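Per our numbering, the very first residue in the sequence shown carries number 16; after that it's consecutive.
Working notes, structure below.
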Amino acid sequence: MISGKSLLEKKKIVKRLLLNNSFLITKILLVIAILVFLLLAFFSQPAADDYGQIQRIQSTSFWNAQAVLYNHINGRFFYMFAFSIYTMIFGLSNYWIFTWLIYGSLFLSICLLISTSGSGLLHRRTLIWSSLTFLLIYVGRVILLSEAFYWLAGAMTYQLGNILFILFIAMLYLLFRASSPYKRLIYTTIGGLLGSFTVATNEIFLVPVFAGLILCMLSLVINKNPSFFYVLSIFLLSCISAYFVITAPGTHIRSLNFPNRHQIGFSLSSSFIYAFRFFRQWAFDPIVLSSTLLFLPSASQFTNQIKISKKGKKILPFLPVAWLFIFTFSFFPAFWALGNAPPDRTLNSIFLFFLLGWYPSVCILTILLLPRQKPDTILPQHIRNAAMIIFLLSLFCFPNLSTAIKDLLFHAHPYHQEVKQRIESTQKSVSENRGYVIIHPLKNRPVSLFSPNFEFRGNPDHWVDYDWELYWGVKVIYQDESDVQ
């Protein structure tokens with residue numbers, strides 16, 4: 016006859032085995048998910064202004080190309096610099112390399128941020144899996160995956176900025192914690208460069224960078240922290256960089272394409288409307304909600320291991336409010352510059368701003384509302400199990416991962432072949448000195464790889480047609496096959 020004690024021990028063993036197996040299955044599924052996104056890169060192809068930018072770079076010397084791009088295209092000088100360096104090394108061949116570099120760099124930057132904010136309390140395995148999960152939450156729910164990771168010009172403009180911004184936050188955190196002037200000087204130098212490069216990648220980063228720096232300086236003044244002047248130095252360096260971006264001749268030329276730009280009332284009101292709309296959409300997204308439930312016990316465990324001063328506790332309630340302020344005004348630069356709604360690739364970066372503030376805000380609310388509570392008592396195990404199931408189902412059954420799997424299995428290879436045929440027919444037209452090439456609409460358009468913005472318009476003034484003609488030196492005639500005589 017089995018005693019009650021031995022029966023209880025067996026139940027504990029069974030529960031432990033089930034828990035370990037569920038963790039193993041979850042890890043396997045996360046690896047499969049990231050592999051799908053990585054494998055898609057092998058079928059990506061150069062698109063849109065990739066051709067125009069590389070032609071401008073290759074047609075002259077490196078530094079002269081930077082001057083031409085700055086004076087005639089736009090003022091995002093670090094984006095242009097990074098794009099030029101990459102294309103000088105790799106050109107447009109082996110197009111998958113940049114996607115892997117972006118995914119890898121984004122993952123490593125997230126690792127650094129979580130590691131620094133976790134004050135070294137996280138084990139290496141926990142750090143890796145947490146970073147991978149965060150990356151998949153972001154990649155799995157970006158508005159337009161094709162323009163985020165599978166388009167060189169778009170990824171350099173936005174994802175490179177995202178990576179630099181994450182590293183910038185990590186440097187600020189390290190600067191706060193630095194105990195010696197030597198370390199403060201190092202972190203200030205790196206932080207100043209990162210802040211300058213971030214705002215010089217895309218104007219969308221002006222608000223989070225400067226709002227974050229101003230909030231940091233206010234906090235340091237209140238706490239009489241000696242790091243104030245170091246952060247002030249970073250602020251001034253970033254201001255200089257922003258000045259060169261905003262006043263660039265290329266920025267002015269680009270702005271002429273948007274006649275409804277620079278409307279202060281419209282930009283402010285639209286920012287609030289869009290912030291409310293997308294906050295509601297993202298906060299109640301099944302992936303974000305389920306991951307938040309899974310994060311709560313970890314947040315409680317983390318907050319139980321750190322010590323916060325009395326002044327720090329007074330500041331804590333204002334941090335989520337500050338994040339909401341930054342999130343709201345992150346929409347402003349797009350409305351101000353364009354005079355209309357921000358494109359999906361801009362929303363991709365704003366979604367990252369949302370995630371970077373959402374989970375720390377959960378931590379702060381845990382400190383304020385559930386002080387020193389045991390992690391296991393915050394959320395029962397059965398609710399955590401249900402949240403894990405919802406998270407995985409949402410990740411695999413909703414876009415973007417479900418779409419990526421379908422594209423990888425059915426559409427990616429035919430699309431890859433069709434684009435290669437376009438290139439070959441254009442090269443043939445060039446070699447035969449025809450002066451034109453007939454381009455037909457693509458029959459296969461994988462959503463994960465191909466954005467509607469990448470397609471030709473049959474208009475020589477449209478940027479896609481114009482840049483193709485600039486690169487190859489032939490006129491594009493875009494028509495359906497039924498129209499060809």
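Using N, Cα and C, we set each Cβ at its ideal position, and we do this for glycine too.
These numbers were taken from a predicted model, which means no experiment stands behind them.
Practice task
For aspartate 498, count neighbouring C-beta atoms within 10 Å of its own C-beta (all shown protein chains included) and say buried if the count is 16 or more, exposed if not.
Solution key: Only weak support is given to the placement of aspartate 498: the predicted model assigns it a pLDDT of 47, under 50, and the value that follows is read from those uncertain coordinates. When all chains shown are included, aspartate 498 counts as exposed.
Problem - Cβ separation of asparagine 459 and tyrosine 493, assumed to be a contact under 8 Å, to the nearest whole Å - result: Not a contact, Cβ separation roughly 17 Å.
Exercise for the section: Give the secondary structure of valine 491 by DSSP, where H, G and I count as helix, E and B as strand, and everything else as coil. Expected result: strand
Exercise for the section: Identify every residue that forms a DSSP beta bridge with valine 452. Expected result: Val491
Practice task
Between the Cα of phenylalanine 180 and those of Pro357, Leu367 and Val336, spot the shortest distance and give me the residue it belongs to.
Solution key: Leu367
Practice task
Output the boundary residues of the alpha helix (DSSP H) element that contains tyrosine 110.
Solution key: Where tyrosine 110 is concerned, there is no enclosing alpha helix (DSSP H), given that its DSSP letter is neither H nor E.
Handout entry: Segments assigned alpha helix (DSSP H), at least 4 residues, entirely inside the segment 414-441
Key = 416-421
Handout entry: isoleucine 40 classed as buried or exposed, judged by whether at least 16 other C-beta atoms fall within 10 angstroms
Key = exposed
Problem - Pairwise C-alpha distance: arginine 292 and serine 286 - result: 10 Å
Practice task
Compare the beta carbon distance of aspartate 65 and leucine 160 with 8 Å and say whether it is the shorter of the two.
Solution key: no
Problem - Limits of the unbroken alpha helix (DSSP H) element including proline 348 - result: 347-353
Handout entry: DSSP three-state assignment for aspartate 498, whether helix, strand or coil
Key = Low per-residue confidence applies at aspartate 498: pLDDT is 47, beneath 50, and the placement is therefore not dependable enough to give any value.
Practice task
Spatial neighbours of methionine 16 within its chain, please: CB distance less than 8 Å, with the 5 preceding and 5 following residues excluded, ordered by chain position.
Solution key: Residue placement at methionine 16 is poorly supported in this model, since its pLDDT is 48, which falls under 50; the coordinates still yield a value, given next. Closer than 8 Å at Cβ, skipping near neighbours: no residue.
Practice task
Would you mind reading off the limits of the alpha helix (DSSP H) that contains glutamine 396?
Solution key: 396-412
Handout entry: Under 8 Å between C-beta atoms of asparagine 508 and glycine 227
Key = For residue 508 there is no data in the structure shown, the boundaries of the chain being 16 and 500.
Practice task
Given a cut-off of 8 Å, decide if glutamate 162 and glycine 169 are closer than it, judged by their beta-carbon atoms.
Solution key: yes
Handout entry: CA-to-CA distance, alanine 185 to lysine 325, given in whole angstroms
Key = 24 Å
Exercise for the section: Measure the alpha-carbon distance for glutamine 278 versus phenylalanine 369 and round it to whole angstroms. Expected result: 25 Å
Handout entry: With 16 other Cβ atoms within 10 Å as the buried cut-off, status of glutamine 500
Key = Bear in mind that a pLDDT of 39 at glutamine 500, under 50, signals an unreliable position, so the number given afterwards is only what the model happens to contain. With fewer than 16 other Cβ atoms within 10 Å, it is exposed.
Handout entry: Closest Cα partner of alanine 401 within the set Ser345, Pro456 and Leu308
Key = Leu308
Exercise for the section: Return helix, strand or coil for tyrosine 374, following the three-state DSSP convention. Expected result: helix
Exercise for the section: Take the Cβ of serine 315 as the centre, count every other Cβ of all protein chains shown within 10 Å, and call the residue buried at 16 or more, exposed below. Expected result: buried
Problem - Distance between leucine 251 and asparagine 238 (C-alpha atoms, nearest Å) - result: 21 Å
Problem - Residue ranges of each alpha helix (DSSP H) within the segment 90-169, 4 or longer - result: 92-105, 111-132, 139-156 and 160-164
Problem - Pairwise C-alpha distance: tryptophan 373 and serine 409 - result: 19 Å
Exercise for the section: Put isoleucine 88 into one of helix, strand or coil per three-state DSSP. Expected result: coil
Problem - Selected residue, minimal CA-CA separation from isoleucine 158, among Phe96, Phe413, Ile379 and Ser284 - result: Phe413
Handout entry: Delimiting residues of the alpha helix (DSSP H) encompassing valine 260
Key = 243-261
Problem - Contacting residues, own chain, Cβ-Cβ under 7 Å from phenylalanine 220 (five flanking each side not counted) - result: Gly176, Phe180, Thr213 and Val214
Exercise for the section: Express the C-alpha separation of serine 446 and alanine 356 in angstroms, rounding to a whole number. Expected result: 43 Å
Handout entry: Test item: CB-CB of serine 124 and isoleucine 201 under 8 Å
Key = no
Practice task
Take every Cβ of the segment 43-56, pair it with every Cβ of the segment 73-81, and state whether three or more of those distances are shorter than 8 Å.
Solution key: no
Practice task
Throw me the rounded Cβ distance for the alanine 193 and aspartate 482 pair, which I believe falls under 8 Å.
Solution key: No, alanine 193 and aspartate 482 are not in contact; Cβ-Cβ is about 46 Å, not under 8 Å.
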